[in-house]
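Novice: Under the UniProt record's numbering, think of the first position of the sequence shown as 1, with each following residue one higher.
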Amino acid sequence: MSSVNDSSMAETDQDISDDLKTNDELLDEIVEHQEAKLSNLQNKHEYELQQNQRRLEEYERTIRELQEKLQVTDEKTSANLRQFDEEGGRFDKEEKEKLSRLHQRLRDDQRTLVDTHHNKVLLEEQNTRLLNDLRDTRQMVASMKKGLGSGDKADGTGAQELIKSLEMKLNMKTAESEKLKDKLEELRQRIESLQKESQNKEIASNEATEQTADSEEAEGQINHPINSGEITKWLKEGVVELKIKRINMLGPPGSGKTCSLRLLLNEDPPEEDVTDSTPIACRAVKATRISCSKGAWERIGSEALLEKLASDLAAYVGKHPKPVDSLHNNQQQGELMECKSSEATDAPDSTDSQNSCYTKILEAIKSGEKIHLNQSWVYIVDSGGQPAFQELLPLFVRRASLNIVTLDLSQGLDQRLECNFRIRGELFPIDSFFASNREFFKKVVCSGDMCPSNKPLPQEAQCDAQPMHFILGTHFDKVSHEEFKEVNDALTVDLSKSSSEDQVYYYKENESEMICHVNTLIPKGEERSQVSQEISKFIYNCVSRKLKIPIRWFAFDLFLQMEAKNKNSSYLKIQDVLSTGERLKMNKDDTEKALEYLHEVTIILYYPQVLPDIVFVDPCTIHDTLTRLLSLTYVNRSSYHLILKEDEEISKQEVKDLSKKGLFTLDLFEKLPDIPGILKSDLTELLCQLHIIAKIGEKSYFIPSALSCYNGPPLTKDNIKPLVIVWLNQDNKNLPVPQGIFCSVIVQLINEAALKFSMPGSPSEGSFIYRNAMSFQILIENEGCVGTLHFINKYKHIELYFTGDDPAKYCPLVREIVMKAIAESSKKIRVDEGKPVPAFECPETEDCYCLVIDEEDERSHCTFPKSAEVIKGQESYWNWFHAPRHNNSEVCHTHLNIWQLDEIYCTLTNALFSTSEWENLGYKLGLIQPIISTIRSDRQTSDERLREVLTKWLQQAASAATWPLLLKALEEANRKDVAEKIRCKIQATAK
Ligand SMILES: Nc1nc2c(ncn2[C@@H]2O[C@H](COP(=O)(O)OP(=O)(O)OP(=O)(O)O)[C@@H](O)[C@H]2O)c(=O)[nH]1
Ligand SMILES: [Mg+2]
1 MSSVNDSSMA ETDQDISDDL KTNDELLDEI VEHQEAKLSN LQNKHEYELQ QNQRRLEEYE
61 RTIRELQEKL QVTDEKTSAN LRQFDEEGGR FDKEEKEKLS RLHQRLRDDQ RTLVDTHHNK
121 VLLEEQNTRL LNDLRDTRQM VASMKKGLGS GDKADGTGAQ ELIKSLEMKL NMKTAESEKL
181 KDKLEELRQR IESLQKESQN KEIASNEATE QTADSEEAEG QINHPINSGE ITKWLKEGVV
241 ELKIKRINML GPPGSGKTCS LRLLLNEDPP EEDVTDSTPI ACRAVKATRI SCSKGAWERI
301 GSEALLEKLA SDLAAYVGKH PKPVDSLHNN QQQGELMECK SSEATDAPDS TDSQNSCYTK
361 ILEAIKSGEK IHLNQSWVYI VDSGGQPAFQ ELLPLFVRRA SLNIVTLDLS QGLDQRLECN
421 FRIRGELFPI DSFFASNREF FKKVVCSGDM CPSNKPLPQE AQCDAQPMHF ILGTHFDKVS
481 HEEFKEVNDA LTVDLSKSSS EDQVYYYKEN ESEMICHVNT LIPKGEERSQ VSQEISKFIY
541 NCVSRKLKIP IRWFAFDLFL QMEAKNKNSS YLKIQDVLST GERLKMNKDD TEKALEYLHE
601 VTIILYYPQV LPDIVFVDPC TIHDTLTRLL SLTYVNRSSY HLILKEDEEI SKQEVKDLSK
661 KGLFTLDLFE KLPDIPGILK SDLTELLCQL HIIAKIGEKS YFIPSALSCY NGPPLTKDNI
721 KPLVIVWLNQ DNKNLPVPQG IFCSVIVQLI NEAALKFSMP GSPSEGSFIY RNAMSFQILI
781 ENEGCVGTLH FINKYKHIEL YFTGDDPAKY CPLVREIVMK AIAESSKKIR VDEGKPVPAF
841 ECPETEDCYC LVIDEEDERS HCTFPKSAEV IKGQESYWNW FHAPRHNNSE VCHTHLNIWQ
901 LDEIYCTLTN ALFSTSEWEN LGYKLGLIQP IISTIRSDRQ TSDERLREVL TKWLQQAASA
961 ATWPLLLKAL EEANRKDVAE KIRCKIQATA K
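Shown next, in the form of structure tokens:
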């Protein structure tokens, strides 16, 4: 039994041992499995930690970079703010606040970044703790293994508990790690958003810096003299594009200019039967179209216009809703409508409205919007028709886009015009240098005389366009339709013979009616309105010029006009002008530049060299004083009280001196009504500067416009032929003598220092003292009187005669001085069109001029395609230039012809003239730039271009092309060597 028991016990032991073994193995497996699991977890955790570590490092780097960037931005912003502070006042409070808000936000962001950094440190600490925990876990697993190996807890429960606790701990750590991960992710996102925000701030800060730089640049420009850059600077902030229809009313005295203007503006006809004559030029009427459909015009005052501008600007930048009455404005068409106000009806609370305009305009400009307003104006200048005024007009009137030419139909076409100076219902006959309507029409319309041809405005589009004409036949109520037709047809024929045909608008093209006939005195009512609308609508569609004016300057101009109106004065003191500028945030320099610009562009007159304290906002007071002075020569003694100051009288001698010699004294000038605040002596100084008068003694002045007009026979030609001065345009077309230049040159010659030009004491036989013809005795120190110069305005040209014993000695000097005076006067009255060229009247062909093209070689070029050979070598002509020389060989003077082109070309190239020098030679041969440009574009090789240059020269110079001229051109083109070679060759051939 025992053996059985023993064996069964042995078996049981064996089983237990096996079981234990199996348990151990199982436990080992479990431990191994858990160990592997833990190890995996540990690896995963380590990997994650490593990742976290790397990310943290990245964040740390990003934060560092961000901090650096922020520091730079911060420094920039602080520098900007400092700069703004230093330049205090330049930037307004609003901008400063904006920047300081930006600065504040940057500081906040910096603080957030510091917080982020702090969080990162906490995260690092947590990670360290995690690592420690993991180390503990590892140790626990190791000790568990050890415990199991020693069999302390043979049932394995200890191990299982351990495993459970380990799993719990691991789970805990994993959750913690997850949390950390989330936190890191959150942190990353915040850093990213911070980064973005910082970038935006940086851009904003850079923009602010750029703006500072821009304004610095702009500030820099202010110190420079006025230039296109200066205008561009102001144009940048906004532009008013004015579509200006600048209209000048031209017509013989009493032809109905003023009455026509009233009709066009739909104003009532004048109440008086005889209207007063208009002074030299009237205050310019600004009119706007009041209704698109009706097309009528209405005068508009500066205040109304300013209010309109302010509300348009406000509406433009969208800050203020447009007032209801401005909503009629049709921006698309650029029409200014329904803006009813005139100088007379401006509201009494003008200061308030002025202040509100300042505010609105400045706000609009400051808004930073690129403003662009379109406004259409009709800008009409009514001028006085007196012939005496004509020469003064260009100084006060700018070139028009349209001339309305009035002709009194009742005076007949060829009938001598009855011209009167009208004052307070009285008529005083005046002389007239145009005998009839036809003559006036031909002068003004067919040849463009008596139209101011001064410079187009700097910013004007279509600046090269010639003014157009619109012919208004007045007094239609006094003639039959047949009579009108006769005049219309005759003038149409005259026009068709001229080159100005396309410069006239036909009123009814289909009915061949060039002239628009009208009775300007139609009584107030429906018919008058209808006629007014019809004509003004037609005129409105005629040409207009576009003018870009910086908004600030445009507003400045209007404010000045308002200031002057408030002060009831035609001028302003410079202090008032500067303070108006200041209110528009313009400093002294800006204001002076704006004044210079407005002087050029509008009617403002500012002569800092003569009257630095005065700005004439409207020159009407100057016109009035001058008109009064000149009218003393027409009116009767009994009417002097209408012209002079109260209780003032003038002597017969004073009137005689003025009308016969053009002389007046300061005493006489003082007797004319004063312009309050302006000394008469200052006014005479101004008139001297304008070349209207010349000072000829301590208190005496000479005014050529006061003289009568010479209508007598032409001078009998003396031993020396007259030199004529003609004006040519770019296409070598003859232009009339520019209006205003003749009297201006007379004044200039009287002031001449090099030679003394002395006027004769009074008109006598053989000498002239007229508005259009003047004789000067030429006096030279130690030699006395060396001759007499007769200087005559023939309107197509100016003629110079010299009578003296030795013309060859003095004529060249006289010619030079006259040409210099013409150049000076052209500048003064801003003649832009045409170039004065010395010439002779062609002895062979009527109306043809021989233009002097080479005084040395006595070469002239006929304006008619015809030879001027006859003049060559004739002393009576060339004495104006030099004593004649005839030392060149016959061969040399043989004229070159177009069929010699190849010979000339080969001679040049054989003498080693390079074809590549074609352009320089072309210029030296007198070809003008457009021809050179055409040659360059039309011909490909220099070879062809040289041939073309020679062709053009031969054609242009006609029979006047000679070898000496070509040689001279070569010498001037720095090819003396070539010239010498050719000269030798020609001489050899001649022998
Ligand atoms: N019957 C009639 N008279 C007219 C007409 N137009 C003008 N008049 C008269 O002609 C005179 C001169 O008219 P204005 O318009 O002042 O002439 P103006 O061309 O401005 O004259 P100045 O300013 O001296 O150059 C006035 O007395 C008018 O009454 C018209 O169409 N018919
Ligand atoms: Mg008039």
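Every residue, glycine too, gets a C-beta built ideally from N, C-alpha and C.
#1: In angstroms, rounded to a whole number, what distance separates the CA positions of residue 379 and residue 974?
#2: By DSSP's criteria, residue 105 is part of a beta bridge. Which residues make up the other side?
#3: Under the criterion of a Cβ to heavy atom distance below 7 angstroms, does residue 268 qualify as lining ligand 2?
#4: Given a cut-off of 8 angstroms, decide if residue 386 and residue 430 are closer than it, judged by their beta-carbon atoms.
#5: Here's a check: name, in chain order, each residue in its chain whose Cβ is nearer than 7 angstroms to the Cβ of residue 347, leaving out the five neighbours to either side.
#6: Taking the straight line between their C-alpha atoms, what separation do you get for residue 498 and residue 864?
#7: With a threshold of 7 angstroms on Cβ separation, who are the neighbours of residue 971 within its own chain once the five nearest residues in sequence on each side are excluded?
#8: Nearest to residue 963 by CA position, among 931, 944 and 897, is which residue?
#9: Give the DSSP-derived three-state secondary structure of residue 274 in the structure shown.
#10: What distance in whole Å lies between the Cβ atoms of residue 745 and residue 825, which are believed to be in contact at a cut-off of 8 angstroms?
#11: On the DSSP bridge assignment, give the partners of residue 725 in chain order.
#12: So, at 7 angstroms on beta carbons, what are the nonlocal neighbours of residue 219 in its own chain, with the 5 sequence-adjacent residues on each side left out?
#13: Could you say if the region 631 to 647 and the region 604 to 617 meet the contact criterion of at least three C-beta pairs nearer than 8 angstroms?
#14: Helix, strand or coil, according to DSSP, for residue 882 in the structure here?
#15: Which residue from 913, 899 and 953 puts its Cα closest to that of residue 922?
#16: Just to confirm the assignment, what range does the beta strand (DSSP E) spanning residue 297 have?
#17: So the alpha helix (DSSP H) residue 905 belongs to, where does it begin and stop?
#18: Return the CA-CA distance between residue 70 and residue 47, expressed in angstroms with no decimal places.
#19: Would you check if the region 582 to 591 and the region 653 to 672 touch, i.e. whether three or more CB-CB distances between them fall below 8 angstroms?
#20: Could you name the residues, in chain order, whose CB is less than 5 angstroms away from a heavy atom belonging to ligand 2?
#21: Taking all protein chains shown into account, decide if residue 671 is buried (16 or more other Cβ within 10 angstroms of its Cβ) or exposed.
#22: Let me confirm a value: residue 256 is counted as buried when at least 16 other C-beta atoms fall within 10 Å, else exposed. Which label applies?
#23: Compute the Euclidean distance between the alpha carbons of residue 630 and residue 264, then round it to the nearest angstrom.
#24: Below 7 angstroms, is the gap between the Cβ of residue 440 and the nearest heavy atom of ligand 1?
#25: For residue 993, which option in 911, 303 and 556 has the closest C-alpha, if you only look at C-alpha atoms?
#26: Check the C-beta distance from residue 751 over to residue 772 and give it rounded, since I have them as a contact under 8 angstroms.
#27: Going straight from the alpha carbon of residue 742 to that of residue 494, what length do you get?
#28: Tell me the residue span of the alpha helix (DSSP H) that contains residue 536.
#29: According to DSSP, what are the bridge partners of residue 248?
#30: Using 8 angstroms for Cβ pairs, my map puts residue 689 next to residue 607. What's the rounded Cβ distance?
#31: Tell me whether residue 787, by its Cβ, gets closer than 7 angstroms to a heavy atom of ligand 1.
#32: Is any heavy atom of ligand 1 found at a distance shorter than 7 angstroms from the C-beta of residue 528?
#33: Straight-line CA distance for residue 830 to residue 821?
#34: Looking at residue 519 and ligand 1, is the gap between the Cβ and the nearest heavy atom below 7 angstroms?
#35: Between which two residues does the alpha helix (DSSP H) holding residue 688 run?
Specialist: Looking at the coordinates:
#1: C-alpha separation (whole angstroms): 53 angstroms.
#2: For residue 105, which the question treats as bridged, DSSP gives no partner whatsoever.
#3: The answer is no for residue 268.
#4: Cβ distance < 8 angstroms, so residue 430 and residue 386 count as in contact.
#5: Bear in mind that a pLDDT of 38 at residue 347, under 50, signals an unreliable position, so the model cannot answer this.
#6: Straight through space, the alpha carbons of residue 864 and residue 498 are spaced by roughly 16 angstroms.
#7: Closer than 7 angstroms at the Cβ level, and outside the excluded window around residue 971, lie 979.
#8: Distances from the alpha-carbon of residue 963 to those of 931, 944 and 897 put 897 closest.
#9: Looking at residue 274 - three-state DSSP - the assignment turns out to be coil, as it is neither helix nor strand.
#10: Confirmed, Cβ separation roughly 5 angstroms.
#11: For residue 725, DSSP records a beta bridge to 798 and 838.
#12: Legend: pLDDT at residue 219 = 28, less than 50; position of this residue unreliable, value from coordinates given subsequently. For residue 219, where only same-chain residues beyond five positions count, there are no Cβ hits under 7 angstroms.
#13: Contact between the region 631 to 647 and the region 604 to 617 is absent, with fewer than three C-beta pairs closer than 8 angstroms.
#14: Residue 882 falls in the coil class under three-state DSSP.
#15: When only C-alpha atoms are compared, the closest one is 953.
#16: 297 to 299 is the span of the beta strand (DSSP E), which, as asked, contains residue 297.
#17: Residue 905 -> alpha helix (DSSP H) spans 901 to 910.
#18: Computed Cα separation, rounded: 34 angstroms.
#19: In short, these stretches do not touch, since the Cβ pair count stays below three.
#20: Chain-ordered list of matching residues: 257, 258 and 278.
#21: Buried, because 16 or more other Cβ atoms sit within 10 Å of the Cβ of residue 671.
#22: Under this definition residue 256 is a buried residue.
#23: Approximately 29 angstroms between the Cα atoms of the pair.
#24: Taken from the Cβ of residue 440, every heavy atom of ligand 1 lies 7 angstroms or farther away.
#25: Residue 993 falls outside the range modelled here, since the chain spans only 1 to 991, and no answer is possible.
#26: That pair is no contact at about 20 angstroms.
#27: Rounded to the nearest whole angstrom, the CA to CA distance from residue 742 to residue 494 is 27 angstroms.
#28: Where residue 536 is concerned, the enclosing alpha helix (DSSP H) stretches over 526 to 540.
#29: Bridge pairing for residue 248: 381 and 403 [DSSP].
#30: A Cβ-Cβ separation of about 6 angstroms places residue 689 in contact with residue 607 under the 8 angstroms criterion.
#31: No, the beta carbon of residue 787 sits no closer than 7 angstroms to any heavy atom of ligand 1.
#32: Here the distance from the Cβ of residue 528 to the nearest heavy atom of ligand 1 is not below 7 angstroms.
#33: Note on geometry: alpha-carbon atoms of residue 830 and residue 821 lie some 14 angstroms from one another.
#34: Because some heavy atom of ligand 1 lies under 7 angstroms away, the Cβ of residue 519 counts as near it: yes.
#35: Segment 680 to 689, the alpha helix (DSSP H) holding residue 688.
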